[in-house]
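Participant: Supplied in structure tokens, the structure appears directly below.
In my numbering, the protein residues as written are 962 to 1158.
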């Protein structure tokens, strides 16, 4: 809900993708607590800082071409601040496979599927970090194991982005930019409101 409010009543005529990452980070910082919130903020800001300036990007640049390297740099920066990695039963079990897959695959859908697989793998993991590490393992073994909620949250965000692109007619090329450089902000708002219905 915080993100919807952040972008709902905006007087900005143009908004580049770097601003979207920064404002999403600001919203996460205000509305999320704990380590998960800090992880989102560090990652999103690092991605934003790695994006080329709007003036340097060509209007025809697609999202996958623009964001592959910044996503990896964001993950590298995040790994400087957290020991969490694959196998620790955290949101990193979804984020790391997503970034790796998106760096090597042209399909956002395939990268989201890799994130989902990573989250599902947490069912049988012993929590190494975070709140889950304080809960008895037997609590997680019921019904074949419970996936890490933060990893599932990461997958939900990624699936939402992928679904919005697909719903807006980008199913043939899911790597097209959700936000095109120089696109009027009211046009972006209209497309987002249609996607979120």
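Heads up, the beta-carbon is just placed ideally off N, CA and C, and yes, glycines get one too.
So what does DSSP say about residue 1115, is it helix, strand or coil?
Facilitator: As a first step, residue 1115 is located in the chain shown; it is residue number 154 there, counting from the start. Looking at residue 1115 - three-state DSSP - the assignment turns out to be helix.
Participant: For residue 1063, is the classification buried or exposed, using 16 other Cβ atoms within 10 angstroms of its Cβ as the cut-off for buried?
Facilitator: Taking the chain shown and counting its residues from 1, one reaches residue 1063 at position 102. Classification for residue 1063: buried.
Participant: Identify the continuous alpha helix (DSSP H) that holds residue 1005 and give its terminal residues.
Facilitator: As a first step, residue 1005 is located in the chain shown; it is residue number 44 there, counting from the start. Element bounds for residue 1005: 995-1011.
Participant: Looking only at C-alpha atoms, which of 1060, 1000, 1085 and 1124 sits nearest to residue 1044?
Facilitator: Start at 1 with the first residue of the chain shown, and residue 1044 comes out as number 83. When each option's Cα is compared against that of residue 1044, the closest is 1000.
Participant: Where does residue 979 sit, in a helix, a strand or coil, going by DSSP?
Facilitator: Sequence index remark: in the chain shown, residue 979 carries index 18 (1-based). DSSP places residue 979 in helix when its eight states are reduced to three.
Participant: For residue 1123, which three-state DSSP category applies?
Facilitator: Looking up residue 1123 in the chain shown gives position 162. Three-state DSSP puts residue 1123 in a helix.
Participant: Can you grab the Cα-Cα spacing for the pair residue 1131 / residue 1070, in whole Å?
Facilitator: The residue you call residue 1131 lines up with position 170 of the chain shown. The residue you call residue 1070 lines up with position 109 of the chain shown. Here residue 1131 scores only 44 on pLDDT, less than 50, and its place in the model should not be relied on; the value that follows carries that caveat. Looking at the two C-alpha atoms, the distance is approximately 12 Å.
Participant: Quick one: complete alpha helix (DSSP H) runs, 4+ long, within the segment 1046-1073?
Facilitator: 1053-1065
Participant: Return helix, strand or coil for residue 1088, following the three-state DSSP convention.
Facilitator: Counting from one through the chain shown, the residue named residue 1088 turns up at place 127. If DSSP states are grouped into helix, strand and coil, residue 1088 belongs with coil.
Participant: In whole angstroms, give me the CA-to-CA distance for residue 1119 and residue 1086.
Facilitator: Taking the first residue of the chain shown as 1, we reach residue 1119 at position 158. Taking the first residue of the chain shown as 1, we reach residue 1086 at position 125. Near 22 Å, if we compare the C-alpha coordinates of residue 1086 and residue 1119.
Participant: CB residue 989 to CB residue 1009, shorter than 8 Å?
Facilitator: Translated into the one-based positions of the chain shown, residue 989 becomes position 28. Translated into the one-based positions of the chain shown, residue 1009 becomes position 48. Contact: no.
Participant: So, residue 1058 versus residue 1081, is the Cβ gap smaller than 8 Å?
Facilitator: If you number the chain shown from 1, residue 1058 lands on position 97. If you number the chain shown from 1, residue 1081 lands on position 120. Cβ distance not < 8 Å, so residue 1058 and residue 1081 don't count as in contact.
Participant: Establish whether the CB of residue 1004 and some CB of chain B are separated by less than 8 Å.
Facilitator: Within the model displayed, chain B is absent; a lone protein chain is all it includes.
Participant: Evaluate residue 1138 with the Cβ neighbour count: other Cβ atoms within 10 Å of its Cβ, from every protein chain shown; 16 or more gives buried, anything less gives exposed.
Facilitator: What you label residue 1138 is simply residue 177 of the chain shown in a count that begins at 1. With a pLDDT of only 40 at residue 1138, under 50, the local geometry of the prediction cannot be trusted, and the value read off the model is given with reservation. That one is buried.
Participant: Compare the C-alpha of residue 1041 against each of 1077, 1083, 1004 and 1074 and name the closest.
Facilitator: By 1-based counting over the chain shown, the position of residue 1041 is 80. Checked all of 1077, 1083, 1004 and 1074; the closest Cα to residue 1041 is 1004.
Participant: Hey, out of 1032, 995 and 1077, whose CA is closest to residue 1114's CA?
Facilitator: Mapped onto the chain shown, residue 1114 falls at position 153. The shortest Cα separation from residue 1114 among 1032, 995 and 1077 belongs to 1077.
Participant: Does residue 1043 come out as helix, strand or coil in the three-state DSSP assignment?
Facilitator: The residue given as residue 1043 occupies position 82 in the chain shown. The answer is coil: DSSP assigns residue 1043 none of H, G, I, E or B.
Participant: Smallest Cα separation from residue 1075: which of 1060, 1088, 1089 and 1084?
Facilitator: For the purposes of this step, residue 1075 is identified with residue 114 of the chain shown, where counting begins at 1. Nearest C-alpha to residue 1075: 1060.
Participant: Whole angstroms are fine: how far does the CA of residue 1089 sit from the CA of residue 1028?
Facilitator: Within the chain shown, numbered from 1, the residue matching residue 1028 stands at position 67. Within the chain shown, numbered from 1, the residue matching residue 1089 stands at position 128. Near 30 Å, if we compare the C-alpha coordinates of residue 1089 and residue 1028.
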